[in-house]
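First the structure, in the form of structure tokens, and then the observations on it.
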Ligand SMILES: Nc1ncnc2c1ncn2[C@@H]1O[C@H](COP(=O)(O)OP(=O)(O)OP(=O)(O)O)[C@@H](O)[C@H]1O
Ligand SMILES: [Mg+2]
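Right, dumping it as structure tokens:
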């Protein structure tokens with residue numbers, strides 16, 4: 172069972188506002204993995220997701236659930252040192268990038284990031300991706316992970332925020348919202 176609850180869901184008037192936010196409280200690593208798995212169902216090749224937030228917030232945990240949802244059998248390891256890992260997912264591939272240790276666009280250029288970001292067969296997940304936000308000339312989704320320090324067992328609580336700034340991602344988030352709502356009903 173997924174121990175999570177949608178605590179707030181806001182849209183600003185209509186699709187055209189390009190401003191859909193979805194906030195989810197995760198109460199365990201497993202809940203975050205399950206959320207990543209569910210999220211994978213709305214993805215297709217060419218999608219770019221930027222992951223931000225606190226150290227140890229759960230970005231890699233979420234992406235491992237996402238990989239699982241894409242039927243990737245390998246264990247997803249953090250690419251902190253390798254910077255970029257690729258996994259085959261049928262006709263698609265998952266590209267997992269971690270920019271924690273990188274600074275400056277020169278370093279980004281050196282790893283040939285554009286070849287991946289603009290690959291229509293790749294789902295691209297970029298941890299600490301806010302560092303290259305301004306260089307991405309395509310719609311992307313931001314997902315941020317933050318701790319909640321309150322009450323018992325807050326060590327395992329995370330607030331996960333999905334922020335769209337495009338019509339494309341607004342629509343996808345709305346589908347995700349429906350998937351999660353269906354699941355909440357099944358779990359009650
Ligand atoms: N609700 C939760 N969601 C995600 N991870 C959780 C949660 N509760 C506890 N954890 C633990 O927090 C840690 C999150 O580590 P993870 O590597 O996924 O974070 P990260 O955001 O990728 O970190 P970094 O910034 O170092 O890349 C894991 O040890 C995980 O088990
Ligand atoms: Mg990580």
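In our numbering, the protein residues as written are 172 to 359. Glycine is no exception: its CB is placed at the ideal position from the N, C-alpha and C atoms.
Neighbour-count burial assignment, residue i, 16 or more Cβ in a 10 Å radius
i: residue 286; result: exposed
i: residue 211; result: buried
i: residue 252; result: exposed
i: residue 391; result: Lying before the first or after the last residue shown, residue 391 is absent from the chain, which here runs from 172 to 359.
i: residue 179; result: Because the pLDDT at residue 179 is just 46, under 50, the model does not fix this residue reliably, and the value given afterwards should be weighed accordingly. Classification for residue 179: exposed.
i: residue 352; result: exposed
i: residue 309; result: exposed
i: residue 346; result: exposed
i: residue 259; result: exposed
i: residue 246; result: exposed
i: residue 240; result: buried
i: residue 315; result: buried
i: residue 335; result: buried
CA-to-CA distance, residue j to residue i, given in whole angstroms
i: residue 263; j: residue 306; result: 24 Å
i: residue 332; j: residue 194; result: 4 Å
i: residue 201; j: residue 254; result: 25 Å
i: residue 337; j: residue 224; result: 21 Å
i: residue 273; j: residue 350; result: 36 Å
i: residue 271; j: residue 354; result: 34 Å
i: residue 242; j: residue 209; result: 12 Å
i: residue 376; j: residue 340; result: Coverage of the chain is limited to positions 172 through 359, which leaves residue 376 absent and any answer about it impossible.
i: residue 256; j: residue 250; result: 6 Å
i: residue 342; j: residue 326; result: 33 Å
i: residue 344; j: residue 229; result: 20 Å
i: residue 198; j: residue 190; result: 26 Å
Simplified DSSP state of residue i, which is helix, strand or coil
i: residue 320; result: coil
i: residue 145; result: Absent from the model: residue 145. The displayed extent of the chain is 172 to 359, so no value can be given.
i: residue 173; result: Only weak support is given to the placement of residue 173: the predicted model assigns it a pLDDT of 46, under 50, and the value that follows is read from those uncertain coordinates. Residue state, collapsed to three classes: coil.
i: residue 336; result: coil
i: residue 199; result: coil
i: residue 327; result: helix
i: residue 313; result: strand
i: residue 192; result: strand
i: residue 307; result: coil
Contact test: residue i Cβ vs ligand 4 heavy atom, cutoff 7 Å
i: residue 205; result: Ligand 4 is absent from the structure shown, which contains only ligand 1 and ligand 2.
is_contact[residue i, chain B] using C-beta, thresh 8 Å
i: residue 326; result: The chain labelled as chain B is not found in the depicted structure, where only one protein chain is given.
Please go through the stretch 215 to 298 and give each complete beta strand (DSSP E) segment of 3 or more residues, from N-terminal end onward. Given a length threshold of 3 residues, each whole run of the beta strand (DSSP E) inside the stretch 215 to 298 is given here in chain order: 219 to 224, 255 to 260, 263 to 269, 293 to 298.
Contact between the stretch 229 to 239 and the stretch 196 to 212: three or more CB pairs below 8 Å? Contact between the stretch 229 to 239 and the stretch 196 to 212 is present: 3 or more CB-CB pairs across the two stretches fall below 8 Å.
Do three or more CB pairs link the stretch 282 to 301 to the stretch 328 to 344 at distances below 8 Å? In short, these stretches do not touch, since the Cβ pair count stays below three.
Does the count of Cβ pairs from the stretch 212 to 225 and the stretch 290 to 297 closer than 8 Å reach three? Yes: the two stretches touch, three or more of their Cβ pairs being nearer than 8 Å.
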